[in-house]
Amino acid sequence: MSRFRMYPTPAQQDALLEQCGHARYVWNLALEQWSMWTRETRRAPSFAEQCRQLTAARAAFDWLRAGSQTVQQQALRDFDQAVKHFYARTHRRPTWRRAGRSEGFRIVGPQAARVTKLNRRWAAALVPKVGWVRFRLSRAVPNAKSYRVTRDRVGRWHIAFAVAPKPIPNPGMGLVVGVDRGVIVSAALSTGDRLTCPSLSKAEQRRLRYLQRRLAHCRPGSNRGQRVRAAIAKLHARTGDRRKDWVEKTSTDLARRFDVIRVEDLRITSMTMRPKPKPDPGCPGAFLPNRRRAKAGLNRSILANGWGALIRRLEHKAAGRVEKVNPAHTSQTCSVCRHCAPENRESQAVFRCVACGHQANADVNAALNIAAGRAVSARGETPVPVSPKREPQLATSA
Ligand SMILES: [Zn+2]
């Protein structure tokens, strides 16, 4: 994605918001049908069927017909894609689009190519039913087949062109790195590096809690409530920007430094999975800590988002060099002697092997197991096959 800040005139803003509303309406309609159909008949309406329904809806509603068919059809197509991603278990279940929160629409096809450079600093894109909308040229406009127009919760408009980033050449040294989604830090490398995806700082978390408390006391729809809501949105927008930046830098760095990047397979982990309760054997009815708290919470969900984005960007930049590993037992297995036992995990941060005494940072130990692709050894299943041509060497130092 190559994103530019867009500056529509007030009249254009109204027209754009209307398009956003149409896209949202169509998306939510499709979502409603999909959730109803799957619950009752176990079969979802096909894309073609939904297109027919859209045609009928456009015939029935003047306000919908006044909008762009390109935009509305694309919303259906996007929804169709979201459902496919959900069934493939790579993305979460599609959710409701809400006014003011997820405003945007997508233009695909020849219309997306209508971009004109006005001068050194400004360009304009022809948006159907809106006209030429100016955007700031912060870098060269890529040649893209589609773009998305969005309005964030703070009211900033952006135009983002979908471009697959140029693949980054591999260093060619046969270096393999394992990346573990850590608990203490957001990603640990088998090299021992620990990366931290920026999220809310302690002060920002405090401020967010304070604002949320204030919002709870505001009358719905009041001016004060709106101001508080805007302040919350600003906080979220700031962390979002920070996270995007981190994802770009980190994915480029990893793609440049390593030939093969092994990560845990999120389809197996399921990002929303809740840890099982762990009964305490010494005390019936009581439970041992099961990392549930560590998986819950706002910062965890922000980091989960950052993690998913990192993997997606890696797959673009290091195409064909990202390998997914079954993450089972990676945190309990010793990276030196391969002994696998829950007792190896002395604490959340410390790994100490009960068999050989190897001690390491728990996340780095897991990353080493992922790098070796021996994640599932405890169950005796076959690990990810290592290329037969050349045994890749593990990168143990940067
Ligand atoms: Zn060991």
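Numbering-wise, the working numbering comes out as the position in the sequence shown, counting from 1, plus 2. Beta carbons: idealized from backbone N, C-alpha and C, even for Gly. Small disclaimer: the values here were computed from a predicted structure and weren't measured.
Inset, instruction - Report the three-state DSSP secondary structure of Thr152 (helix, strand or coil). - result: strand
Legend entry - Residue from Ala362, Thr241, Arg136 with nearest C-alpha to Cys336: When only C-alpha atoms are compared, the closest one is Ala362.
Inset, instruction - Helix, strand or coil for Thr11, going by three-state DSSP, please let me know. - result: coil
Legend entry - Three-pair Cβ contact test at 8 angstroms for the segment 131-139 versus the segment 6-23: Because the criterion of three Cβ pairs below 8 angstroms is met, the segment 131-139 and the segment 6-23 touch.
Legend entry - Local conformation of Ser272 per DSSP, three classes: Unreliable positioning characterises Ser272 in this predicted model, as indicated by a pLDDT of 47, which lies under 50. The coordinate reading is nonetheless provided below. Coil at Ser272, not helix or strand.
Legend entry - Where the alpha helix (DSSP H) through Asp82 begins and ends: Asp82 -> alpha helix (DSSP H) spans 71-89.
Inset, instruction - Could you say which of Glu206, Ala32, Ala162, Arg67 lies nearest to Phe6 if we only look at CA atoms? - result: Ala162
Inset, instruction - Rank Arg354, Phe260, Asp64, Ala205 by C-alpha distance to the C-alpha of Pro173 and give the top, closest one. - result: Phe260
Legend entry - Span of the alpha helix (DSSP H), counted from its first residue to its last, around Ile161: Looking at the DSSP string, Ile161 is not in any alpha helix (DSSP H); the run it does join, the beta strand (DSSP E), is 159-163.
Legend entry - Cα-Cα separation, Arg347 to Val356: 9 angstroms
Inset, instruction - Determine the closest residue to Gln350 out of Val338, Gln334, Cys358, Cys339, with distance taken between C-alpha atoms. - result: Gln334
Inset, instruction - Enumerate in chain order the residues of its own chain whose CB-to-CB distance from His238 is below 7 angstroms, with the five nearest sequence positions on each side excluded. - result: Arg155
Inset, instruction - Return helix, strand or coil for Ser4, following the three-state DSSP convention. - result: Reduced to three states, the DSSP call for Ser4 is strand.
Inset, instruction - Return the chain-ordered list of same chain residues with a C-beta closer than 8 angstroms to the C-beta of Leu18, the five sequence neighbours on each side being excluded. - result: Only Pro10, Val129, Val132, Val135, Val151, Arg153, Trp159 meet the Cβ criterion.
Inset, instruction - Look at the alpha carbon of Val178 and the alpha carbon of Cys342, and state the distance between them as a whole number of angstroms. - result: 23 angstroms
Legend entry - Same chain, Cβ closer than 7 angstroms to Thr72, five either side skipped, listed in chain order: Ile109, Gln113, Pro130
Inset, instruction - Using 7 angstroms as the cut-off, classify the Cβ of Val366 as near or not near the heavy atoms of ligand 1, replying yes or no. - result: no
Inset, instruction - Mind listing which residues have their beta carbon within less than 6 angstroms of any non-hydrogen atom of ligand 1? Chain order is fine. - result: Cys336, Val338, Cys339, His341, Cys355, Ala357, Cys358, His360
Inset, instruction - State the DSSP-derived secondary structure class of Gln361, mapped to helix, strand or coil. - result: Per DSSP, reduced to three states, the secondary structure at Gln361 is strand.
Inset, instruction - Have a look at the DSSP bridge pairing and note the partners of Glu266. - result: Val327
Inset, instruction - Would you kindly check if the distance between the Cβ of Val249 and the Cβ of Arg323 is under 8 angstroms? - result: no
Legend entry - 8 angstroms CB neighbourhood of Ser104 in its chain, flanking five on each side removed: Counting only residues of its own chain and dropping the five nearest sequence neighbours on each side, Ser104 has a CB closer than 8 angstroms to the CB of Arg26.
Legend entry - Sequence-distant residues of its chain with Cβ nearer than 7 angstroms to Leu213 (five each side left out): Only Val230, Ala233, Ile234 meet the Cβ criterion.
Inset, instruction - Look up Asp182 in the DSSP assignment and say whether it is helix, strand or coil. - result: strand
Inset, instruction - Quick one: measure Cβ to Cβ for Ser148 and Ala164, integer angstroms, because I've assumed they're closer than 8 angstroms. - result: 5 angstroms
Inset, instruction - Could you tell me which of Leu202, Ala257, Arg221, Pro222 sits nearest to Thr241, measuring between CA atoms? - result: Leu202
Inset, instruction - Look up Val356 in the DSSP assignment and say whether it is helix, strand or coil. - result: Val356: coil per DSSP, three-state reduction.
Inset, instruction - Would you kindly check if the distance between the Cβ of Ala205 and the Cβ of Arg196 is under 8 angstroms? - result: no
Legend entry - Per DSSP, cross-strand counterpart(s) of Val117: Ala127
Inset, instruction - Check Trp39 in the structure and name its three-state DSSP category. - result: helix
Inset, instruction - Starting from the C-beta of Ala146, find all residues in its chain whose C-beta is less than 7 angstroms away, skip the five residues before and the five after it, and write them out in chain order. - result: Ala114, Phe163, Ala164, Val165
Inset, instruction - Find out if the Cβ-Cβ distance for the pair Leu33, Phe81 is shorter than 8 angstroms. - result: yes
Inset, instruction - Taking only the alpha-carbon atoms, compute the straight-line gap between Asp2 and Glu266 and give it to the nearest angstrom. - result: Since the displayed the chain opens at 3 and closes at 400, residue 2 lies outside it and no answer follows.
Legend entry - Reference Arg264, options Gly375, Arg99, Thr97, closest by Cα: Gly375
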